[in-house]
Amino acid sequence: MTQANPKQSRREQILQALALMLEEDSGKRITTAALARQVGVSEAALYRHFPSKARMFEGLIEFIETTLFERIALILQDNDTAHARVHHILSLLLGFAEKNPGLCRLLNGDALTGETARLRVRMAQLFERLETQLKQVLREAEPREGLRPAITVTAAANLLLACAEGRIGQYVRSDYRKRPTEHWEDQWMLLSRDLLLSSQERIAV
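Residue numbers (this note's numbering): 713 to 917.
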């Protein structure tokens with residue numbers, strides 16, 4: 713997060729404090745009073761930058777979206793094969809989760825329990841967008857490389873994302889001890905072995 717002006721700097725300070733509280737107060741519902749104490753300002757000062765706690769959570773979700781999809785655009789630009797693209801997209805998601813433990817509670821929905829429904833919808837849309845991106849990569853593999861998933865594109869993309877979501881869920885459930893990237897490269901070898909096949913390989917199967 714850049715610091716373009718004092719107002720933006722305070723907004724970023726609030727969001728960073730909220731992310732830290734999500735990490736350190738795992739399982740607890742965060743109040744604006746507690747957040748204000750963490751930042752060192754009054755609750756009124758919080759509301760000068762965000763009209764509600766929901767907007768603070770949306771600010772973090774926007775940060776997740778921007779960070780992930782800007783980097784995914786670079787992945788698609790820098791990698792030609794579907795295998796490489798899928799691998800890097802999933803590795804990006806897991807690496808981002810590992811480096812931002814508090815945000816994982818948003819990714820898996822844990823911190824959104826009891827909050828406004830639109831936040832859960834927004835997070836669901838983020839994962840739908842990720843799944844759509846994986847589907848696009850898998851569909852493009854046939855005209856670009858003559859390869860298709862061993863199962864349907866929809867089923868393959870769903871399986872891949874479900875694996876990544878499961879790793880993030882384990883990370884939160886273990887109080888951040890079970891890292892999302894642990895064993896990932898070995899697991900990717902297994903997942904990718906039959907992910908994309910040529911027409912001859914599909915006939916053999």
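Beta carbons: idealized from backbone N, C-alpha and C, even for Gly. All of these numbers come straight from a predicted model, not from anything done at the bench.
Query                                                                                                                   : Result
Proximal residues to residue 859 (C-beta, below 7 Å), its chain only, five neighbours per side dropped                  : 794, 853, 908, 909, 910
Continuous alpha helix (DSSP H) stretch holding residue 853: start and end                                              : 829–857
Counted within 10 angstroms of its Cβ, other Cβ atoms place residue 837 as buried (16 or more) or exposed               : exposed
Segment contact, 8 Å Cβ cut-off, at least three pairs: the stretch 872–889 with the stretch 826–837                     : no
DSSP beta-bridge partners of residue 889                                                                                : None; residue 889 has no bridge partner.
Close-in-space but distant-in-sequence residues of the same chain around residue 772 (CB under 7 Å, 5 per side omitted) : 727, 730, 731, 815, 818
Reduced DSSP category for residue 918 - H, G, I as helix; E, B as strand; rest coil                                     : This structure leaves residue 918 out entirely; the chain is present only between 713 and 917.
Whole-angstrom distance between residue 849 and residue 865, CA atom to CA atom                                         : 9 Å
Closest residue to residue 765 among 745, 821, 786, 752 (Cα-Cα distance)                                                : 745
Per-residue DSSP class, three states only, for residue 907                                                              : coil
Best match in 869, 768, 778, 874 for proximity to residue 941 [C-alpha to C-alpha]                                      : As displayed, the chain neither begins before 713 nor continues past 917, which places residue 941 out of reach and without an answer.
Start and end residues, alpha helix (DSSP H) containing residue 782                                                     : 765–790
Cβ pair residue 762, residue 831 closer than 8 Å                                                                        : no
Contact under 8 Å by Cβ, residue 872 with residue 806                                                                   : no
Contacting residues, own chain, Cβ-Cβ under 7 Å from residue 828 (five flanking each side not counted)                  : 766
Three-way DSSP call (helix, strand, coil) for residue 749 in this model                                                 : helix
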